[in-house]
Amino acid sequence: MAEELKMLEETVSKEYEYGFVTNIETDVINKGINEDVIHLISSKKNEPEWMLEWRLKAYYQWLKMEEPTWPNVTYPKINYQDIIYYAAPKKKPKLGSLDEVDPELLKTFDKLGISLSEQKRLSGVAVDVVMDSVSVATSFKEQLAEVGIIFCSISEAIQKHPDLVRKHIGSVVPMNDNYFSALNSAVFTDGSFCYIPKGVRCPMELSTYFRINQENSGQFERTLIIAEEGAYVSYLEGCTAPKRDANQLHAAVVELKAMAKAEIKYSTVQNWYPGDENGKGGIYNFVTKRGICMGDFSKISWTQVETGAAITWKYPSVILKGDNTIGEFYSVALTNNYQQADTGTKMIHLGKNTKSRIVSKGISAGKSQNSYRGLVRAAKGALNARNYSQCDSLLLGDKCGAHTFPYIESKNKTAIIEHEATTSKIGEDQLFYCQQRGIDAETAVALIVTGFAKEVMNQLPMEFAVEAQKLLAVSLEGSVG
Amino acid sequence: MLKIKDIHASIDGKEILKGLNLDIQPGEVHAIMGPNGGGKSTLASVLAGRENYEVTAGTIDFDGKDMLDLSPEERAREGLFLAFQYPVEIPGVSTTNFIKTAVNEKRKHLGQPPLDAVAFLKTMKEKTALVEIDKSLLSRSLNEGFSGGEKKRNEIFQMAMLEPKLAILDETDSGLDIDALRIVANGVNQLRNEHNSIIVITHYQRLLDYLQPDFVHVLVEGKIVKSGTKELALELEEKGYDFIKESLNATAAV
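Next up, the structure:
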């Protein structure tokens, strides 16, 4: 028994694969946050006055707020004056083609296995790469522009499409929604902007890779996706980060807006540096993601595969405002070593005949803690609201924890809300069975975990599913990769 | 094929096998019978290399290799197969995917290239017919929601796919109705040839009626106390284990 456990532990310990640093000259401002810093960020980005005012307003709100303590995670107090709020590569290339991109940067992409040229050639994925806060490469833009789709960095959108940004930013996640969204609103440096006009079906999967590169630089992305009536878009977000000792704060805000009959599918593979096997270092991932189904018959679907970050605090949610709207949340959260994850979703049913589905798969290994926290709310007017939630936890070893915190609020009698939860352990019996068939423990763990997460993995677009599967295996195994 | 010499094995400090000897030649089918708690399943676990069974003395030679030196997966890749008494369920992993992984791990070990999809499917098709297993089961999660009979049939199907040198059937007949028993037994019989050997652990004569073992051994209190031909099984069926115990006591008293 003891040996079996030891084997499990060895199997799941694996050093972070993407621990390397790119050597690129960076433009950094001094540590700390104050009014001047916000002025500086705004002026460095050459922003219009309204944007600066919006940021300042958020900053003042933030000052009055307190960091939340309700999540089931523990970490040393963050010194917000010890964070660098802006870091941008100095050589800001103007890109006509990939040949003009800094070769160092291209090398990084190669190491990540996301070489743009390859991506372009093979998968037909348009990639908007965010490297330390500033977008440095965008592809397929022209092709998208032909059908009227805008896909660019949010900085560029502020310059070129100020009316659209001004109209929608903060309309799904208000700046004062929570402590981290307020901070993000004040100091966000970049992110993605995506606008799909009425009736347009985006011809390709849109994809962004984020990467923190400058030591001690918090990264505050801001993403805004708007799908007009009858539009469809599938958006992929993936990230890896270099190995670092100092904790890095990552507080992103993502807002999705689906008008009548529109559909947004948002997929994430998150692989921030999780800290070492002793729990040292790692990214604090405090993210606010929310979508609103504004119009009738619209649909928003979140799929996430979370394997990285020292601490994850993240609840991609859907507000089902229109009638007959659908919200979905599919999640795999894997924690190992000393990682902590408190993640889940909120499904807020407001319209009639709204449906939501939650499938959450938590995998805990090492000494990690993995919590599902979810809220399903059916408002008074949400006649015939329907929710199905399934929360499964898988434990590897006997030093980790899995927790489930489901909150259900129903204010009308026609709502049907179902919640199912299971907790299982990768058993000695399962491992031995696999071994008896010639499959070693490590491969067996990967096989069992992949099987456990399959329902969610199936939701990912093909090109992502393969990567995500690999990531699960890599995060758990000792020698693969 | 298999030479077990004076094996002592314990679990949680309690000795279960107390000096067991067994010699199996290629092509032979050996039945192991005996009362509950005699050590039958322990023998299967020790041979398969289950972690919490500690071998304290003795040797096991498996086709020229020191079996006790090999990990469970190495034993499997070398050609040892255990048909489990209680096959486990693995949700989300299809039976096909599972067997493909197992087959290719074995091939890798033997220095053979992995089977491509076409070759694999062809083999699957042949073997499904052999054990009369419902093909729809193969695309479902391994053993999940399978009936007792389906699980056992799946074990024999995996045995067919992996073509082991030595197969151990650990109470494969338990929980099977007559039809399922016949199908399982037929499957095993078709897999039988002059190169491979089978150990059948069972309580009942009915499986042996189909399998016709070359030898029958009675395992009592961690030792093989009586060996014979298939007629011994009939005698056991008729008289129960008490007659063996009585004769043992009589011997002890002398």
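Protein sequence lines, in the order shown, are assigned to chains A and B.
For the first sequence, position 8 matches number 8 in this note's numbering, and the numbering has no gaps at all.
Numbers given in this note's numbering equal positions in the second sequence, counted from 1, plus 1000.
From the three backbone atoms N, C-alpha and C, an ideal C-beta is built for every residue, glycine too.
All values derive from a computational prediction rather than experimental measurement.
Contact with chain B by residue i, beta-carbon distance below 8 Å
i	result
L472 of chain A	no
V125 of chain A	Model confidence at V125 of chain A stands at a pLDDT of 46, short of 50, so the residue's coordinates are unreliable and nothing is read from them.
D296 of chain A	no
I439 of chain A	yes
W397 of chain A	In the sequence under discussion, the amino acid at residue 397 of chain A is Gly, which differs from the Trp named in the question. No, its Cβ sits nowhere closer than 8 Å to a Cβ of chain B.
K425 of chain A	no
Y433 of chain A	yes
L447 of chain A	yes
Q430 of chain A	yes
G451 of chain A	yes
Q436 of chain A	yes
K45 of chain A	no
K261 of chain A	no
G481 of chain A	With a pLDDT of 24 at G481 of chain A, under the threshold of 50, the predicted position of this residue should be treated as unreliable, though the coordinate-derived value follows. No, because no Cβ of chain B sits closer than 8 Å to the Cβ of G481 of chain A.
Minimum Cβ-Cβ distance from residue i to chain A less than 8 Å
i	result
P1091 of chain B	yes
H1217 of chain B	no
A1009 of chain B	no
R1140 of chain B	no
V1307 of chain B	Given a span of 1001 to 1254 for chain B in the structure shown, any question on residue 1307 of chain B remains unanswerable.
L1082 of chain B	yes
H1030 of chain B	no
Q1158 of chain B	yes
K1005 of chain B	no
H1109 of chain B	yes
V1088 of chain B	yes
P1072 of chain B	yes
Exposed unless 16 or more other CB atoms sit within 10 angstroms - verdict on residue i
i	result
E66 of chain A	exposed
D342 of chain A	buried
H39 of chain A	exposed
W50 of chain A	exposed
Q1126 of chain B	The displayed chain sequence assigns Glu, not Gln, to residue 1126 of chain B. Exposed, since its Cβ has fewer than 16 Cβ neighbours within 10 Å.
E205 of chain A	buried
Q1212 of chain B	exposed
G1240 of chain B	exposed
A1119 of chain B	exposed
S1141 of chain B	buried
T422 of chain A	exposed
D398 of chain A	exposed
G964 of chain B	In the structure displayed, chain B extends from 1001 to 1254; residue 964 of chain B sits before or after that span and is not available.
G230 of chain A	buried
E1238 of chain B	exposed
K64 of chain A	exposed
Beta-bridge partners of residue i, as assigned by DSSP
i	result
A1083 of chain B	B:L1169
P406 of chain A	A:G374
K314 of chain A	A:V287 and A:T343
M1033 of chain B	B:V1218
W302 of chain A	A:Y266 and A:F329
A1009 of chain B	B:L1017 and B:V1055
A87 of chain A	A:V28
R201 of chain A	A:Y232
T80 of chain A	First, the residue type needs correcting, since residue 80 of chain A is Tyr and not Thr in the sequence shown. Y80 of chain A is not bridged to any residue.
Test item: CB-CB of residue i and residue j under 8 Å
i	j	result
V187 of chain A	I33 of chain A	yes
L1082 of chain B	V1046 of chain B	no
G1058 of chain B	E1194 of chain B	no
I1224 of chain B	L1080 of chain B	no
H1030 of chain B	H1217 of chain B	yes
I1032 of chain B	L1219 of chain B	yes
V165 of chain A	V200 of chain A	no
V73 of chain A	I311 of chain A	yes
W313 of chain A	P76 of chain A	no
L1137 of chain B	N1154 of chain B	yes
A444 of chain A	M457 of chain A	no
Q339 of chain A	G275 of chain A	yes
I426 of chain A	L394 of chain A	yes
K299 of chain A	P316 of chain A	no
V376 of chain A	S356 of chain A	yes
Check: residue i C-beta below 7 Å from any heavy atom of the ligand ZN
i	result
T223 of chain A	You won't find the ligand ZN in this model; it holds no ligand whatsoever.
| Residue ranges of each alpha helix (DSSP H) within the region 1147-1191 of chain B, 4 or longer | Residue ranges of uninterrupted alpha helix (DSSP H) with 4 or more members, entirely inside the region 1147-1191 of chain B and ordered along the chain, are 1148-1162 and 1178-1191.
| Using a beta-carbon distance cut-off of less than 9 Å, what residues from the region 142-166 of chain A approach chain E? | Among the protein chains in the structure shown, which are A and B, there is no chain E.
| alpha helix (DSSP H) segments (min. 4 residues) lying fully within the region 27-75 of chain A | Positions of the alpha helix (DSSP H) runs, each at least 4 residues long and wholly inside the region 27-75 of chain A, are given as 35-44 and 49-64 in order along the chain.
| query | Counting only runs that start and end within the region 1220-1251 of chain B, where is the alpha helix (DSSP H) found for 4 or more residues in a row? | reply | The DSSP assignment places 1230-1239 as complete runs of the alpha helix (DSSP H) inside the region 1220-1251 of chain B, in order along the chain (cut-off: 4 residues).
| Which full runs of the alpha helix (DSSP H) of 4+ residues lie inside the region 1077-1138 of chain B, going along the chain? | For the region 1077-1138 of chain B, the full-length alpha helix (DSSP H) segments reaching 4 residues or more read 1095-1109, 1117-1131 and 1135-1138 along the chain.
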